[in-house]
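Presented below is the structure to which this report refers.
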Amino acid sequence: MLRKVLTCLALISANFSFGQEKPIIPPAPNAVNLAYNTEISMGLYTGTPQISIPVWTVNAGALQLPISLSYTSGGVKVADMASWCGLGWNLNAGGVVTRSVLGLPDETPTFGYIEYNVPPMTNENQPAYVAMADGGIDSQQDLFFFNMPGGSGRFVFDKTGTPQLIPKKNYKITKGSIAGYQFSEPSGNAYCISEWEIVDDKGIIYRFKDYEKTGASSRNIGGSAGGFSSRNINSWYLTEMEAPTGEKIVFNYATVDLSYDLAPGKTFNIRLSGTCDYPANTSIQRQFINTKRLTSIEFPDGKIRFVPTAMGRADFVGDHALDKIIIENKQGHIKKQFKLDYKYLVGNSLMDYTSINPAGENNFFVASTLTPSPSFNRRLMLMKCTEQDANGVALNNGQSFDYHTSIGLPNRASEFADHWGFANKADEPLSEAPYVLINPSQMGSPSPEVYIGGKNVDFQYAKEGSLYKINHSTGGSTEYEFESNDAGPSPFIPRKVTKSPAIHSVGISHYNYNVDGWYDQYNYVMRPDGNGNTVRNYYVEFSVATNSTSTAQVQLADIPYYPSSGLNFYIENVVSNSVLWRGYSDGTYNVNLPAGVYRLYHCPSYALLNSPQNPDQQKQHTATITGLYEITSEEGTQGQPPKVGGIRVKKEKQYDPVSQQTLYKTYKYVLDGSSGQLLSAPVYKYEFDVKDNNNLGNPCKYIGVSFNSVNSLSTTHNSYVGYQFVEEQAVSASGEPLGKTEYSFTGPNESPDLLFRNTGEASGFTYYDAANPPADRRDWLRGFLVQRQDYEYKNLAYTPVRKIVNVYNKTLAPASNGIQVNVQTRNLSNGLHDLTVIQYSHYSGTIFLEQTEETLYNGSASIKTTTTIENSVKSLLPVSKTFAKSDGSLSKEQYTYPKEYAAGNAAIDNLVNRNIVSVPIETVKLKVQPAGSVSITGGTLTNYYPTGGGKIQSVSLLETNTAIPLSSFKFSNAPSGQLPTSLNASVFAADTRYQPSALFNSYDANGNVTEMQKVNHPKEVYLWGYNGVYPVAKVIGSDYTTVSGIINQSILDNANGQYNDQQIRDELNKIRTWFSGNQHVSVTTYTYSPLLGMTSQSDANNRTTYYEYDSFGRLILVRDQNNMILKKICYNYAGQPGNCLP
């Protein structure tokens, strides 16, 4: 659809408007904004600010590409790696298709998801299912994601190899051929998808032809090979955008080879029964990426270059940071540039980017250890973005950024992280790493409770590395005060595990040893004394609940020298009744105690029991155990709303340098304690069985425990928490309330992810055993505004002024099915494992706004408007809106789009075939009487050419002073006398009362309109120059063939920039000369400085107005035809002196 045409149509009739579109002739230049200031809004549903720095917007006909730097708020996770523009920052300047591989890549020949047909579950087919469990056959579809200027989303393949979009969109996705690729690390080859093509609902084609090759290998700590390697293409980068009318934007990349180690995957196994040996493992995965870095974007009137720093990055060795973004015209002349400045956060210190030379370093752990290289301790931080002219002169102080750095971040492989991955401890040797708790009361149980400790949330650490203040180039600032996320009662809150030092001691003398009541603080058992008698052995019981052998210290004191044997202390395992240690004399002893329940016993001396005359008989001797801990766990929902990983905004402070006033906004997320809703719980435990040659009958039972959740935690809008209710309050600098707004959103409780287990579906969330198929993510149903209530603060009270209530309609249906096979019992002897098979689905669907109710309050009075919307399952767009007001009046609008027609009309069919399916064909206004009768009051009909890229041929209007009964009216896609429905679609045929209003007679090769005509008006001719980017002449009263024959188009195109403004004006003046004797023809001409703006405008009387710009592209002078200054514009920033004399 032609963007350049549509706004001029708004002048044709008040009955229809395309006011959001670009005009053909741009307006005369005006003073631009003082700077490209940071754009900030609040993501209320997640409590995170949405921060973006606009850089430039590329316009190429119907194509538009906004380029910006955006910041991801909500906290920095320990394992986060900075992009090439800084930690938390992203460059938005193109697009990518990525995927998460499950099993083998879907396109793998023979054994990939697309080609392999899963056989029936029979004994004969068990080897195939074992291969699915071990990764040799792929039965699970990969998850694909795309991001591009036209939108974003995700998709999966179905078994026919057809991409299924989630949620549904009117996009066409086509995969390229499957080709073989050679990989250097790890060495080998793989068959991969070569490219992608996505066509959006406007018919814009996005081609993704440059790709990123990824290899991975793993090793176990100790140097042994991990046995895991993969070679995939998992990212395809946008290389070209093409409009239906032919305009293009091209993206160019450089290849960068990177390799780095991920944080260790640490697991251990707890054997519950049997004698098999299946050792635990700590492995490190190494990534090898042949990635792409954007170098330039080319468009018809210029280029944008992305220049890396000369010195490489010290936080990610092998890569470079983004140094400059340069905007230049077609001839390579710089029009504007943006300089980015960085520092490294190392510990709690910010160090200059050039102060650390990474030469000779890498991104690996030291061989056979868990010691990370120095690069792991550094974080690349964007400190400033400054706009500059062609010579590098700064426009102002730029946008600068402040971060929380008082404590600093641990290294990115650190264990010091909470359940959600955010820092919770200082990265220093004395900090205690996470630990495992086995519920002591369940020691020996066939399925004991296992929890991870040391992963509680700590806000002071979680906020580190996060952006909290933006200093604007205008002298103002925006500052945030954060707090921890929290959540309401939920089964997904991890248990709160605490650990404290525990001391266990027994102090005994032989005096009155066997007298009841004398040592009631201890329990005892009767045991032989070695002399044929039984004697009390007093004891204290304790437990060791850690993941590995714990070393305890036992100190014996004041044990009598006499007798030399007999008196002793000993430690016994309660379950096995085995004695692990025994001590006879004073001293400190180290004792290794595996997890379990123990007793510290005192064994008396028979000689002392029978020697009351001996002084040692009354002497107290003691055994004290230290070095152990008491570990407890409790439900995470007890007490105040539990804290959840990540941070949210508590208060926002906006400082205005002009008024020197500060405006505050506070945010509350309270609803029955907290309105926060979680999606899933971390899972650290999984159960499995093992058989070896010695246990062919009864398998050994194990519990596996991981220090990181074995199932990925679900997010909603990139946060682990979604808030159902948020209150935003505005407060003046003096603290006086100014008003507030309350918001309600759809959230995880209403639209949870769908989990699949051995027993089938489980809608909602429970703790579940690993490993399960990926949950069916339904975040596309969450975060929609349900209600908004605005209040003003007046007379010391809040009074409602407006209320909006939205109702949504959603649909869900399976889009793609998969099978996950897990090993239940691993048979080490023959490989024929016992398996569990889980069948699952990915669902797709739609969510439509079905009704909006808006109420405006004025004291006790109110006015309510209800808009009811009917949406099309074909076009995925509204096809009707009904407006009902509180006074009883009812009106309606009906809309049709290309997919709402039956095939048979060449123009409509062309739009559908080219996927230009969101353009309007017919808009009809209706009036609904109280009795229900319907009549038509007006309409607009847009006709398109039967070939080409959706060029408009004409626009017709239905204008009537008398309402037309529905029974005598024909909608263009329905039988006469009927409202359109999904069941009565017909071939395009419009009501005969439509009258042409505007005709578009011709276009050039770039899709620009060259001749149009309003009915009963003279023709308008448009000439385009500068490679078809800018309109240079508007001629009223002639035709395109005549006008285009007067001039030399190559001069107007000025492809190489060899012609100046005057030469172009001279060429255009040939048109004036040609029609100088014809008073019915008027000529207006224009010249431009590409990427800056209009430089001259000559009106129908040949009076020329000139426009001049400074080195930053800002309008500074407007002159008349005599070179006299009509207007001078000066730009002064806060704190800068100004001189605006003529």
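Taken in order, the sequence shown gives residues -19 to -1, 1 to 1123; the numbers are from mature numbering (1 follows the signal peptide of the UniProt record, and there is no 0).
Note that the Cβ used here is the ideal one computed from N, Cα and C, for glycine as well.
None of the values given here were measured: they were computed from a predicted structure.
Asked: Straight-line CA distance for Glu709 to Pro718?; Found: 11 Å
Asked: Leaving out five residues on either side along the sequence, give the residues of the same chain with a beta carbon under 6 Å from the beta carbon of Ser54.; Found: Thr29 and Pro30
Asked: Buried or exposed: where does Arg200 fall if 16 or more other Cβ atoms within 10 Å of its Cβ makes it buried?; Found: buried
Asked: Within the region 609 to 655, note down every full beta strand (DSSP E) run reaching 3 residues or more, in order along the chain.; Found: 624 to 637 and 642 to 649
Asked: Which runs of the beta strand (DSSP E), 3 residues or longer, sit entirely within the region 773 to 830?; Found: 778 to 808
Asked: What is the C-beta distance between Val651 and Leu581, in whole angstroms, given that I count them as a contact (C-beta under 8 Å)?; Found: The Cβ separation is near 50 Å, so there is no contact.
Asked: Can you give me the start and stop residues for the alpha helix (DSSP H) that Ala114 sits inside?; Found: Gln107 to Asp115
Asked: Looking only at its own chain, which residues have a Cβ that is under 7 Å from the Cβ of residue 1149, when we skip the five neighbours before and after it?; Found: The structure shown has nothing for residue 1149, since the chain only spans -19 to 1123.
Asked: Are the region 174 to 193 and the region 286 to 295 touching, with three or more C-beta to C-beta distances below 8 Å?; Found: no
Asked: Would you kindly report the start and end of the unbroken beta strand (DSSP E) that includes Val893?; Found: Here Val893 belongs to no beta strand (DSSP E); instead the alpha helix (DSSP H) covers Ala887 to Asn894.
Asked: Per the contact definition of three or more C-beta pairs closer than 8 Å, is the region 688 to 696 in contact with the region 252 to 260?; Found: no
Asked: With which residues is Ala41 paired in a DSSP beta bridge?; Found: Leu44
Asked: Could you tell me the alpha carbon to alpha carbon distance between Thr263 and Asn689, rounded to whole angstroms?; Found: 12 Å
Asked: Under the assumption that Thr941 contacts Thr918 (Cβ atoms under 8 Å), give the Cβ distance between them as a whole number of angstroms.; Found: 7 Å
Asked: Per DSSP, which residues does Ser1079 bridge with? Please list them.; Found: Thr1066 and Thr1085
Asked: Relative to the C-alpha of Glu1048, which candidate in Thr1086, Ile1017 and Leu1004 has its C-alpha closest?; Found: Leu1004
Asked: Residues in the same chain with beta-carbon distance under 8 Å from Glu342, minus the five sequence neighbours each way, listed in chain order, please.; Found: Ala295, Val298, Ser354, Pro355 and Ser356
Asked: Go through the region 691 to 768 residue by residue and report every complete run of the beta strand (DSSP E) that reaches 3 residues or more, in order.; Found: 702 to 704, 706 to 712, 718 to 726, 735 to 738 and 741 to 744
Asked: Starting from the Cα of Gln441, find the closest Cα among Val996, Leu1033 and Phe463 and give me that residue.; Found: Phe463
Asked: Which residues bound the beta strand (DSSP E) around Ser264?; Found: Asn262 to Phe280
Asked: What does the alpha-carbon distance come out to for the pair Gln768 and Lys632?; Found: 22 Å
Asked: Determine the DSSP secondary structure at Trp499, reduced to helix, strand or coil.; Found: coil
Asked: With DSSP run on the structure shown, which of helix, strand or coil describes Glu358?; Found: Residue 358 is actually Asn in this sequence, not Glu. Residue state, collapsed to three classes: helix.
Asked: Tell me which residue opens and which closes the beta strand (DSSP E) that Thr1023 is part of.; Found: Thr1023 -> not in any beta strand (DSSP E); alpha helix (DSSP H) instead, spanning Tyr1021 to Ser1025.
Asked: Express the C-alpha separation of Tyr1007 and Ser1031 in angstroms, rounding to a whole number.; Found: 9 Å
Asked: Rounded to whole angstroms, what's the CA-CA distance from Phe726 to Glu193? Just pull it up for me.; Found: 38 Å
Asked: Examine the Cβ distances between the region 277 to 286 and the region 32 to 48 and report whether three or more of them are shorter than 8 Å.; Found: yes
Asked: If you draw a straight line from the C-alpha of Pro509 to the C-alpha of Glu616, how long is it?; Found: 44 Å
Asked: Using only the alpha-carbon positions, how far apart do Glu831 and Ile850 sit?; Found: 5 Å
Asked: Check Thr335 in the structure and name its three-state DSSP category.; Found: helix
Asked: Looking at the structure shown, is Gln1030 part of a helix, part of a strand, or coil, going by DSSP?; Found: helix
Asked: Using only the alpha-carbon positions, how far apart do Gln312 and Asn405 sit?; Found: 53 Å
Asked: Of the residues Asp322, Tyr234 and Asn250, which one's Cα is nearest the Cα of Val66?; Found: Before going on, a small fix: residue 66 reads as Cys here, not Val. Ranking Asp322, Tyr234 and Asn250 by Cα distance to Cys66 puts Asp322 first.
Asked: Assess, as a yes-or-no matter, whether the region 895 to 911 is touched by the region 851 to 865 under the definition of 3 or more beta carbon pairs within less than 8 Å.; Found: yes
Asked: Go ahead and pull the three-state DSSP assignment for Phe440.; Found: helix
Asked: Give me the Cα-Cα distance between Asn392 and Val639, rounded to the nearest whole angstrom.; Found: 42 Å
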